[in-house]
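Residue numbers (the numbering used here): 232 to 322.
Virtual Cβ for every residue (Gly too), placed ideally from N, Cα, C.
Step one of this worksheet: look at the structure below.
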Amino acid sequence: METPFGTWFHEVVVMTPGRFEEAIDAVLAVQQFKTVVLHLSAMAPEEAQRTIDFVSGGVFALDGQSERLGDTVFLFAPALVTISRDGDERD
232 METPFGTWFH EVVVMTPGRF EEAIDAVLAV QQFKTVVLHL SAMAPEEAQR
282 TIDFVSGGVF ALDGQSERLG DTVFLFAPAL VTISRDGDER D
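Right, dumping it as C-alpha cells:
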C-alpha cells in the first residue's frame with residue numbers, strides 16, 4: 232500500500248502475553264503500524280483487565296482503534312487500518 236510516507240507492508244501480530252509487563256509490546260507494535268490480535272487467556276482476569284485498559288489507552292493515544300473479538304481476544308489496529316464486521320455498511 233502506498234502512503235504519504237512511502238510503501239507500507241501490513242503485518243498482523245498475534246500476542247499471548249503471560250504477564251502485564253508484556254502489554255507495552257502490543258502498543259509498540261501498533262505504533263509501528265502493525266495490527267495486533269491480543270489473546271489474554273493465559274492471564275488472571277484482573278491482570279487481563281489491567282492489560283486491556285493499558286493497551287486500549289495506548290492505542291487510543293496513537294489514534295488507533297480496537298475491537299473485542301471474544302471474551303479474552305482483542306484486536307488493535309493503527310489508524311491506517313479499517314476494521315469492519317459482518318453486516319457493517321461499506322461505502
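Assuming contact is defined by CB atoms lying nearer than 9 angstroms, are residue i and residue j in contact in what I supplied?
{"i": "V286", "j": "V267", "result": "yes"}
{"i": "L271", "j": "V243", "result": "no"}
{"i": "I283", "j": "L300", "result": "no"}
What are the boundary residues of the beta strand (DSSP E) that includes residue i?
{"i": "E298", "result": "Q296 to R299"}
{"i": "V312", "result": "That residue, V312, is in no beta strand (DSSP E); it is neither H nor E in DSSP."}
Quick check: what's the CA-CA separation for residue i versus residue j?
{"i": "D294", "j": "G288", "result": "10 angstroms"}
{"i": "E207", "j": "G249", "result": "Residue 207 lies beyond the stretch modelled for the chain, which goes from 232 to 322, so this question has no answer here."}
{"i": "A310", "j": "F291", "result": "10 angstroms"}
{"i": "L306", "j": "Q280", "result": "15 angstroms"}
{"i": "V261", "j": "T247", "result": "15 angstroms"}
Based on the DSSP output, what are the partners of residue i in its beta bridges?
{"i": "V304", "result": "H270"}
{"i": "V290", "result": "Paired residue(s): none; V290 is not in a bridge."}
Can you tell me where the alpha helix (DSSP H) with residue i in it begins and where it stops?
{"i": "Q262", "result": "A254 to Q262"}
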